[in-house]
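Engineer: So the sequence lines, in the order shown, correspond to chains A and B. Those letters in the first sequence? Residues 2 to 320, per my numbering, in order. Those letters in the second sequence? Residues 2 to 320, per my numbering, in order. Even for Gly, the Cβ is constructed at its ideal location relative to N, Cα and C.
Protein chains: 2
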Amino acid sequence: MQAAWLENNTLRHRADIPVPAPSAGEALVKVRLAGICGTDLELVKGYYPFTGIPGHEFVGEIVAAPERPDRIGERVVGEINIVCGSCRACRAGRPTHCARRTVLGIKGRDGALAEYLCLPLKNLTKVADTVSDEAAVFVEPLAAALRIQEQIRINSTDRVLVLGAGRLGQLVARILALNGCELQTAAKYAKQRNLLEKQQISWIDKKAVPEAFFDIVVEATGTVAGFDAARRAVRPGGTIVLKSTYKDALQLNPSALVVDEIRLVGSRCGPFAPALRLLQNGSVDPQDLVEARYPLKDLLQAFAHAEQPGALKVLLQNG
Amino acid sequence: MQAAWLENNTLRHRADIPVPAPSAGEALVKVRLAGICGTDLELVKGYYPFTGIPGHEFVGEIVAAPERPDRIGERVVGEINIVCGSCRACRAGRPTHCARRTVLGIKGRDGALAEYLCLPLKNLTKVADTVSDEAAVFVEPLAAALRIQEQIRINSTDRVLVLGAGRLGQLVARILALNGCELQTAAKYAKQRNLLEKQQISWIDKKAVPEAFFDIVVEATGTVAGFDAARRAVRPGGTIVLKSTYKDALQLNPSALVVDEIRLVGSRCGPFAPALRLLQNGSVDPQDLVEARYPLKDLLQAFAHAEQPGALKVLLQNG
């Protein structure tokens, strides 16, 4: 089959990859659409060692499921953490921190930038007919945006700042707007600002962000400058949520963190079920974030597009 | 009067300081005992600009109170944050983050390493007769230890590590032991270990701390090495509480914080009332942490003592 192949920080298109065979409990999924995410770009840059097929945002169709042939034909999205169910983290209800996990297209398991992928049946959730492929492909990053409110309480009276209005920042802002909080988004590019305006979400220029003002700041730029801006924007006793993976080290002044009692929260994967509900009931419609679609064979072109400053969602289409 | 005087990172003993006069709402307090804290040592090193009389841990006696002469003679401890009561932080119930605050012996206000100090009457709490001066002088750092459980929930089934068993670490460990959690303390010096053993608190050598093991790690060494050790010891999804102010910058790997969803919480001043209750009901007895007592005139010697590696509480006695 065709697939993206990452090896030694080099991405290439291959057409000689065997179609994977589902292991016990797994299904074979034919990918319909897959998204390129910031983490994929960082993987290529080498923030984490990975050899294989990247990609973890997808919507597809079950084409083989030896243990559940009745599920063949289901249109599905897939939880990307494949977990043991028996380690301390799994038993404590923190399966995404399973010590033995593999992660689709990120850690120890081939991913979604391919014609086919395998995932455990229990990771696959059926998508309602009323949700389009173009919306369903956003379930994984939408779930990641929902993760924030699993980790911290956001009051509807809170002042909240989302720093960065790219692929992930736009989704985070849309999710947080549903909370009713006093939301601002620092957006750099005109197209990002236009998208926010269409959602009635206010934006400001990064330079106009007030200091020590926000109860909660979500850092979604994935840059050291973004983190420093978050540190300036948050009020004493406030919370900074780190939502992006990136390679550069952060510098912190420990005394300032202590004196101002700042809370810093790393945030990764979130729950699929509420993300699907919000797509189905129309509370969130991410389809206008799709900036381009490329056939799988043009994946290098798609990655080059996704790496452009301010780029929104770039999709890869199978067949 | 006699007092410690800090100017241009130089501490000296002065005998020519006028006795302060209480402003509206304030009382004049004759200091009986004052403690030297890590923050005082860091102030002298210049982590924060301060000119004046340092010191914020004390027990004393009200000797003048123009608006409440009935309180003269009360033996008191004092909340160190003097706040406006009307800014956003004060109104939101976060007075220790008052934007206009002064802080006894730390920020904009002379402190407790003196014969006399002034504080607002509302900051002063009467100490029960059954609580000795040697115990009462620990109320401020005990309150700071109690702050942790105002900020994060610690379950009695949690694995908790206190890194550092000095002045503050000992108090934090004693407070956390009352929670019933699975507590470990990384202690470096024999005298620190002996004190923990007397409290039935287990200690380990820093080198023997298991990795990715603890739900909660309290960093009380005030060193970059301590922070790095905390990062190694905390489990994915766990919390690091920063309890010490210090000057050196921390280096953080943002991707690791995000992927492991680590929470970092800066923690400063806490509530006096529960600290006094715990001293009064005997749940905590800090008196064995007193390592030395010096008369106020020997304060330079007292500071030199407090700076020795592994030193516990050094007190300054007035009169």
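What runs of the alpha helix (DSSP H), each 4 residues or longer, lie entirely inside the region 203-260 of chain A?
Structural biologist: Whole alpha helix (DSSP H) segments, 4+ residues: 225-234, 255-260.
Engineer: Cβ of Leu277/B within 8 Å of any heavy atom in the ligand ADP?
Structural biologist: Absent from the structure shown: the ligand ADP. Ligands present: none.
Engineer: Give me the chain A residues within the contact set of Leu253/B, using Cβ-Cβ distance strictly less than 7 Å, ordered along the chain.
Structural biologist: Mapped onto the second sequence, residue 253/B falls at position 252. Under the 7 Å cutoff, chain A gives Ala250, Leu251, Leu253.
Engineer: Are the C-beta of Asp229/B and some C-beta of chain A separated by less than 9 Å?
Structural biologist: In the second sequence, counting from the first residue as 1, residue 229/B sits at position 228. Answer no: the Cβ-Cβ gap between Asp229/B and chain A never drops below 9 Å.
Engineer: Indicate whether the contact test is met: 3 or more Cβ pairs, each with one atom in the region 8-28 of chain B and one in the region 273-292 of chain B, closer than 8 Å.
Structural biologist: Flag = no, the region 8-28 of chain B and the region 273-292 of chain B do not touch.
Engineer: Anything in the region 252-282 of chain B with a Cβ closer than 7 Å to a Cβ of chain A? List those residues in chain order, please.
Structural biologist: Of all residues in the region 252-282 of chain B, Gln252, Leu253, Asn254, Pro255, Ser256, Leu258, Val259, Val260, Asp261, Glu262, Ile263, Arg264, Leu265, Val266, Gly267, Ser268, Arg269 have a Cβ within less than 7 Å of some Cβ in chain A.
Engineer: In whole angstroms, what is the alpha-carbon distance linking Gly39/A and Val173/A?
Structural biologist: Locating residue 39/A in the first sequence gives position 38, where the first residue counts as 1. Locating residue 173/A in the first sequence gives position 172, where the first residue counts as 1. Cα-Cα distance, rounded: 14 Å.
Engineer: Count the C-beta pairs between the region 145-154 of chain A and the region 55-64 of chain A that are closer than 8 Å, then say yes if the count reaches three, no if not.
Structural biologist: No contact exists between the region 145-154 of chain A and the region 55-64 of chain A.
Engineer: So, does the CB of Pro237/A fall closer than 9 Å to a CB anywhere in chain B?
Structural biologist: Within the first sequence, the letter at position 236 stands for residue 237/A. Closer than 9 Å to some Cβ of chain B, the Cβ of Pro237/A qualifies, so yes.
Engineer: Decide if the region 246-255 of chain B is in contact with the region 251-269 of chain A; the criterion is three or more beta carbon pairs, one per stretch, under 8 Å apart.
Structural biologist: The region 246-255 of chain B is in contact with the region 251-269 of chain A.
Engineer: Which residues in chain B have a C-beta closer than 8 Å to the C-beta of Thr246/A? List them in chain order.
Structural biologist: Stepping through the first sequence from its first residue, residue 246/A is reached at position 245. Result: Pro255, Ser256, Val259, Val260.
Engineer: Roughly how many angstroms lie between the CA atoms of Arg89/B and Trp204/A, to the nearest whole one?
Structural biologist: Reading the second sequence from its first residue, position 88 is the one you call residue 89/B. Reading the first sequence from its first residue, position 203 is the one you call residue 204/A. Cα to Cα, the separation comes out at about 24 Å.
Engineer: If you compare alpha carbons, which of Ala305/A, Gly320/A, Val315/A, Asn319/A is closest to Leu12/A?
Structural biologist: Position 11 of the first sequence, counted from the first residue, corresponds to residue 12/A. Nearest of Ala305/A, Gly320/A, Val315/A, Asn319/A to Leu12/A, Cα basis: Ala305/A.
Engineer: Using the C-alpha atoms, what's the distance from Glu75/B back to Leu300/B?
Structural biologist: Here the question's residue 300/B lines up with position 299 in the second sequence. Here the question's residue 75/B lines up with position 74 in the second sequence. Looking at the two C-alpha atoms, the distance is approximately 26 Å.
Engineer: Distance, Cα to Cα, Leu29/B vs Pro121/B?
Structural biologist: Position 28 of the second sequence, counted from the start, is the residue given in the question as residue 29/B. Position 120 of the second sequence, counted from the start, is the residue given in the question as residue 121/B. Each residue's alpha carbon lies about 9 Å from the other.
Engineer: Between the Cα of Ala25/B and the Cα atoms of Cys119/B, Glu8/B, Val104/B, which residue gives the shortest distance?
Structural biologist: Numbered from 1 along the second sequence, position 24 holds the residue referred to as residue 25/B. Of the candidates Cys119/B, Glu8/B, Val104/B, the one whose C-alpha sits nearest the C-alpha of Ala25/B is Cys119/B.
Engineer: Taking its Cβ as the centre, do 16 or more other Cβ atoms sit within 10 Å of Ser268/A, making it buried, or is it exposed?
Structural biologist: As a first step, residue 268/A must be located in the first sequence, where it is residue number 267. It is buried - the Cβ of Ser268/A has at least 16 other Cβ atoms within 10 Å.
Engineer: Only counting the same chain, and skipping five residues up and downstream in sequence, which positions put a Cβ closer than 7 Å to that of Asp111/B?
Structural biologist: Reading the second sequence from its first residue, position 110 is the one you call residue 111/B. Around Asp111/B: Pro21, Gly53, Ile54, Leu118.
Engineer: So, are the CB atoms of Leu243/B and Val266/A less than 9 Å apart?
Structural biologist: The count along the second sequence starts at 1 and reaches residue 243/B at position 242. The count along the first sequence starts at 1 and reaches residue 266/A at position 265. Cβ atoms of Leu243/B and Val266/A: not closer than 9 Å.
Engineer: In chain A, what lies closer than 9 Å to Ala90/B by C-beta?
Structural biologist: Indexing the second sequence from 1 puts residue 90/B at position 89. Per Cβ cutoff of 9 Å: Arg236, Pro237, Gly238.
Engineer: Using beta-carbon positions only, say whether Gln193/B and Gln171/B come within less than 9 Å of one another.
Structural biologist: For the purposes of this step, residue 193/B is taken as residue 192 along the second sequence, with counting starting at 1. For the purposes of this step, residue 171/B is taken as residue 170 along the second sequence, with counting starting at 1. For Gln193/B and Gln171/B, yes; Cβs fall inside 9 Å.
Engineer: Would you say Leu301/B reaches chain A, if we count a Cβ-Cβ gap shorter than 9 Å as a contact?
Structural biologist: Here residue 301/B refers to the residue found at position 300 of the second sequence. No, Leu301/B does not count as interfacial toward chain A.
Engineer: Going along the chain, which residues of the region 71-103 of chain B sit with their C-beta nearer than 7 Å to a C-beta in chain A?
Structural biologist: Result list: Ala90, Arg95, His98.
Engineer: When burial is assigned at 16 or more other CB atoms within 10 Å of the CB, is Thr222/A buried or exposed?
Structural biologist: Position 221 of the first sequence holds residue 222/A. It counts as buried.
Engineer: On the CB-based measure, 16 or more other CB atoms within 10 Å of its CB, does Ser157/B come out buried or exposed?
Structural biologist: Working through the second sequence from its first residue, we reach residue 157/B at position 156. Its Cβ having fewer than 16 others within 10 Å, Ser157/B is exposed.
Engineer: Would you identify the three-state DSSP class for Pro287/A, choosing helix, strand or coil?
Structural biologist: To locate residue 287/A, count along the first sequence from 1; it is residue 286. The answer is coil: DSSP assigns Pro287/A none of H, G, I, E or B.
Engineer: Measuring CA to CA, which of Glu183/B, Ala312/B, Pro296/B is closest to Val32/B?
Structural biologist: The residue given as residue 32/B occupies position 31 in the second sequence. Per the Cα distances, Pro296/B.
Engineer: Would you tell me roughly how many angstroms separate the C-alpha atoms of Ser284/B and Ala137/B, rounded to the nearest one?
Structural biologist: On the second sequence, position 283 is the one that residue 284/B refers to. On the second sequence, position 136 is the one that residue 137/B refers to. If you take the alpha carbons of Ser284/B and Ala137/B, they lie about 14 Å apart.
Engineer: Suppose only complete runs of 4+ residues qualify. What are the alpha helix (DSSP H) ranges in the region 271-316 of chain A, listed by chain order?
Structural biologist: 273-281, 300-307, all fully within the region 271-316 of chain A.
Engineer: Using the beta-carbon of each residue, which ones in chain A are nearer than 8 Å to Leu243/B?
Structural biologist: Translated into the one-based positions of the second sequence, residue 243/B becomes position 242. Those within 8 Å of Leu243/B in chain A are Pro255, Leu258, Val259.
Engineer: Going by DSSP, name the residue or residues bridged to Gln200/A.
Structural biologist: For this step, residue 200/A is matched to residue 199 along the first sequence. DSSP output for Gln200/A lists no bridge partner at all.
Engineer: Applying the 10 Å Cβ sphere with the 16-neighbour rule, what's the burial state of Asn328/B?
Structural biologist: The structure shown does not extend to residue 328/B, since chain B spans only 2 to 320, so no value can be given for it.
Engineer: Out of curiosity, what's the CA-to-CA distance linking Cys270/A and His98/A?
Structural biologist: Looking up residue 270/A in the first sequence gives position 269. Looking up residue 98/A in the first sequence gives position 97. Approximately 10 Å, taken between the alpha carbons.
Engineer: Report the option in Ile73/B, Leu34/B, Leu125/B whose CA atom is closest to the CA atom of Leu114/B.
Structural biologist: Reading the second sequence from its first residue, position 113 is the one you call residue 114/B. Ranking the options by Cα distance to Leu114/B, first place goes to Leu34/B.
Engineer: Does the beta carbon of Tyr295/B come closer than 9 Å to any beta carbon on chain A?
Structural biologist: As a working mapping, residue 295/B is identified with position 294 in the second sequence. Output row for Tyr295/B: interface = no.
Engineer: Identify every residue that forms a DSSP beta bridge with Gln185/B.
Structural biologist: Here residue 185/B corresponds to residue number 184 of the second sequence, with the count starting at 1. Leu162/B.
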